[in-house]
Amino acid sequence: MAIAADQKQAIYLSPTGNDAADGSQASPLASVAEARKRVRALVAEAGADEHLHLRVNFAEGRYQLDEVLSFDAQDSGGENVRVSFAGPAGGLAEWSGGYQVTGWKQVENSPTWQATLPEDIRETLDGQCNALWVDGKRQTIARWPNLSEGDKRYRDIKAGGLSPDFETYTVTLEDVAPLLKLENLDHVRVRASKVWSTSHKQISSVDAETSVVTLKPPHAPVTRHLQMRPGDVYFFENDLGFLDEAGEWFYDPATGTLTVWPHEGVNMAEADVVIPMLPQLVRLDGTEEAPVVGLGFENIRFAHSKFTYDPEGYEGGQACNVLIIKRESDGKGFDRVRYPAAMEFRHVKNSRVLGCEFSQLGASALDVLEGSNDNEVVGSHFHDVGGNAVTVGIRKDNDLMPVGNRVANCYIHDCGVTFFGAVGVYGIFAKDTTIEHNTIAHMPYSGISIGWRWDDTPTGIENFRVIANHIYDGQREVQDGGAIYTLGYQRGTVIHNNVLHSIHKAPTHHWPAARAVFFDEGSKAYDVDGNISFECVNHVAFNRSKEAWMIWGDSNFFDVSRDRLTGHEPALRLAGLEAEWEKRWIPEGQRRDDLLPEPRTDIKLYTDDEALAADEKIHPLCEEFPDDEPADILAKLGFDAERLHFAGDQGISNSLQLGRRKISRWQVSDNYDLWMVQMMRDDGSWYMRGGHILKQVRPWPHQPPYSVGK
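As numbered in the working numbering, residues 24 to 733 make up the sequence shown, in order.
Here you go:
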């Protein structure tokens, strides 16, 4: 029987359901694969001119995926059909690509536990198991030095390099003694943390006298700056001999045995122990001729995807690009590839991920790739992800680059746990992409990275909108990035109203290249306005780019000290997750208002006439008292600082000369601001250059949500 026009239908699932059931609320199905089969039948039944909204409802619980779940045009039915896969309101249904490990036994006279995997699971793993979770917490592959050593969790690389013929790769290390205690080096990897990425390579041999380690071939023919070299740091991992503290584990592929030293209080006989089995969980596989249209995912938790090392190991490029030997060549060139993401969009249109969670993932979480237009990723939570959280774009400048996609109100934190060159949101060749109201924190490298061209020639990348994001606690592992990082000439791109703070020098690195905003090679034509930064090593930097190449608004305030943020409150509270999503995802005590200063509501501004009356006095006072601080000039003008909104100090810098100009700004009246400019002398001291009372270009600051008394 044909489906009636504008009909809404529902299918129900439960972890305790039955795939032979009718899929009603009273008799739910059990598997996602069966639900997809039922969806396809209903979509096929719907006529071309009929409107169908089909909702597939999942009760809370875990749904095991036995294979990568692929959706294509059969599952969407075109512009008139909308299909939504939805977990419970306010909760989550988990789609898992993992295997639950049971049969744990404690090793005699040891804190460790062991389990032997079934033969079919061992065959699927094919010698590699690179992640394990106990009760939802990722465990650490057995390593030296231990992760618990904090800032001393690495040792220094003294020398290293790949031979010109790419056949021999050696590194001289600070300490190789732990390797000499092992029975063999069959599984051992050295993991190097480099300037902006990482390398993971298996070890072939070690010379005890010279501390030279020879790495196992084959080797990707990477350029010198991507090889392990002095100044980089390393640790060893993946041998039972390194398993010496709680939270560590090891898989022996020869015996199929997992060994875990659980954290205190964990009973492995009762714990939920999961290893990942699938390289991806969900693929939306449309084509140019038959795209996937109108699919939705809501309140679903995507968990337990794996990654598999290539024979070359992992040679990390920027933002989790992997450098491998060209497969269709003489082996003398390299390709950039990416490990598959847990969810992948190809030729997908008008689809949405809403209120979902992506965690416990081996590689990256979500990639929006070629031919994918007008999709949204909204209100979702990304954490415990091996690589990038969200990628939008492709690496080629062509007509298939994604257009019109949006990433908004996502809480992204603690990603890049395996691949330290990872970023929160990665935009490559794409157009009209909006990245707004996201909170991005605790990342090993950059928060948002946009662009993919290392010169200032025009490209097809245009109209990125990076707006009102709150990014903090970044570059915890590697350097040479920024809370916001850019590359190339991007027409129409705007970077507005972002709050950026606590961007560190990684404690394990020697190079303090950590910035709030980093305009890297070829960056040009960005509209930059309304941004605030504080507590960063550097605030704005340029490399083979120029300050003059940007379009600067009048409301950027970089390098504001925390104790002088008063007056910025509306802009500070504009950035990051909006209230609905902040309440859902971010725990109390970690929300925006817990990190930022309390707003002031008691300030009584001067009148416009009083403000203008001071204008003629400012510049002469600056010339007469060049060594005064701005506060001294305020007092000489007769202004009481307690009656003004202070907007902080704007310092524009570049990689050659830091902090050469500093602008201080106050709101003096409803319509006028006071600006004072300081310049740096050759000896590093500051002098007053001048100042003015200027009419506000826009309501200050950005429509404050509270009233200011007169």
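By construction, the Cβ of each residue, glycine as well, lies at the ideal position given by its N, Cα and C atoms.
Given the structure is predicted, the values throughout are model-derived calculations rather than measurements.
* To do: With a cut-off of 8 angstroms on the beta carbons, I'd call residue 300 and residue 122 a contact; round off their distance for me.
  => 5 angstroms
* Given residue 479, which residues of its chain have a CB within under 6 angstroms of its CB, disregarding the five upstream and five downstream residues? -> 512, 545, 547
* To do: Please go through the same chain and pick out, in chain order, the residues whose beta-carbon is closer than 6 angstroms to the beta-carbon of residue 41, but skip the five residues on each side of it.
  => 53
* Asked: What distance in whole Å lies between the Cβ atoms of residue 193 and residue 237, which are believed to be in contact at a cut-off of 8 angstroms?
  -> 5 angstroms
* To do: Can you grab the Cα-Cα spacing for the pair residue 188 / residue 239, in whole Å?
  => 15 angstroms
* To do: With DSSP collapsed to three states, give me the class of residue 503.
  => coil
* By Cβ distance, which residues of its chain are closer than 8 angstroms to residue 323, with the 5 residues on each side in sequence left out? -> 81, 108, 109, 110, 115, 116, 117, 118, 379, 380, listed in sequence order.
* Asked: Which class does residue 458 belong to by DSSP, given the choice of helix, strand or coil?
  -> strand
* Exposed or buried, which one is residue 732 when buried takes at least 16 other CB atoms within 10 Å? -> Reliability of the predicted coordinates at residue 732 is poor, the pLDDT of 22 falling under 50, and the value obtained from them is presented with this limitation in mind. Exposed is the call here.
* Quick one: what's got a C-beta closer than 7 angstroms to residue 160's C-beta in the same chain, skipping five residues either side? -> Answer for residue 160: no residue qualifies.
* Asked: Can the beta-carbon of residue 551 be found closer than 8 angstroms to that of residue 579?
  -> yes
* Asked: Any idea if residue 372 is buried or exposed, counting beta-carbon neighbours within 10 angstroms, 16 or more meaning buried?
  -> buried
* Would you mind reading off the limits of the alpha helix (DSSP H) that contains residue 68? => For residue 68, the enclosing alpha helix (DSSP H) covers residues 55 to 68.
* State the CB to CB distance for the pair residue 495 and residue 453, rounded to an integer number of angstroms; the pair is presumed to be in contact (CB under 8 angstroms). => At roughly 25 angstroms, the Cβ-Cβ gap does not stay under 8 angstroms, so residue 495 and residue 453 are not in contact.
* Asked: Can the beta-carbon of residue 518 be found closer than 8 angstroms to that of residue 559?
  -> no
* Helix, strand or coil for residue 173, going by three-state DSSP, please let me know. => helix
* Can you give the Cα-Cα distance for residue 407 and residue 437, rounded to whole angstroms? -> 6 angstroms
* **residue 331 versus residue 106 - alpha carbon distance** => 32 angstroms
* To do: Could you tell me the distance, in whole angstroms, from the CA atom of residue 268 to the CA atom of residue 261?
  => 14 angstroms
* To do: Taking only the alpha-carbon atoms, compute the straight-line gap between residue 698 and residue 567 and give it to the nearest angstrom.
  => 30 angstroms
* **Assigned secondary structure, residue 125 (DSSP; H/G/I helix, E/B strand, else coil)** => coil
* To do: Check residue 109 in the structure and name its three-state DSSP category.
  => strand
* **Nearest candidate by alpha-carbon position, reference residue 335, set 191, 433, 432, 265** => 191
* Whole-angstrom distance between residue 227 and residue 266, CA atom to CA atom -> 21 angstroms
* Is it the case that the Cβ atoms of residue 477 and residue 451 are separated by a distance below 8 angstroms? -> no
* Asked: Between residue 485 and the rest of its own chain, which residues show a CB-CB distance below 8 angstroms, the 5 nearest in sequence each way excluded?
  -> So the list reads 454, 455, 513, 514, 515, 516, once near-sequence residues are dropped.
* To do: Output the boundary residues of the beta strand (DSSP E) element that contains residue 116.
  => 116 to 119
* Asked: Smallest Cα separation from residue 308: which of 394, 329, 245?
  -> When each option's Cα is compared against that of residue 308, the closest is 394.
* To do: Report the residue from 432, 233, 318 whose alpha carbon sits nearest the alpha carbon of residue 197.
  => The residue from 432, 233, 318 with its alpha-carbon nearest to that of residue 197 is 233.
* Can you tell which of 175, 230, 66, 173 has the C-alpha that lies nearest to the C-alpha of residue 200? -> 230
* Distance, residue 207 Cα to residue 137 Cα -> 21 angstroms
* Residue span of the alpha helix (DSSP H) that contains residue 644, given as start and end -> Note, residue 644: alpha helix (DSSP H), 638 to 647.
* For residue 391 versus residue 368, is the C-beta spacing smaller than 8 angstroms? -> Yes, the pair counts as a contact, with Cβ atoms nearer than the cut-off.
* For residue 597, does the three-state DSSP call read helix, strand or coil? -> helix
* Where residue 653 sits in the DSSP three-state scheme -> helix
* Proximal residues to residue 204 (C-beta, below 8 angstroms), its chain only, five neighbours per side dropped -> 264
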